[in-house]
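The block underneath contains the structure these notes are about, expressed in structure tokens.
Residue numbers (the working numbering): 331 to 392.
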């Protein structure tokens, strides 16, 4: 699981061998006890993350 970016407690990473979820290209986000999958367009695909951090992540994705 390579870490792509880490800042302000937000960790963004990808799985190379993620065969369970194939609908959209995405990355994974961890923030404290929160975990989420976010599409490359910034759409929250699964999990949860506080809205403030999600807005930061969506800004990076676009």
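Glycine residues also receive a C-beta, built at the ideal position from the N, C-alpha and C atoms.
Computed from a predicted model, the values in this text were never measured in an experiment.
Asked: Residue 364 and residue 344 closer than 8 Å at C-beta; Found: no
Asked: Residue(s) in a DSSP beta bridge with residue 366; Found: 359, 377
Asked: Residue 354, buried or exposed, once every other Cβ within 10 Å from all chains shown has been counted against 16; Found: exposed
Asked: Cβ-based burial, residue 384 [other Cβ within 10 Å; buried from 16]; Found: buried
Asked: Reference residue 371, options 361, 377, 381, 387, closest by Cα; Found: 387
Asked: Beta-carbon separation (whole angstroms), residue 375 vs residue 367, contact threshold 8 Å; Found: 4 Å
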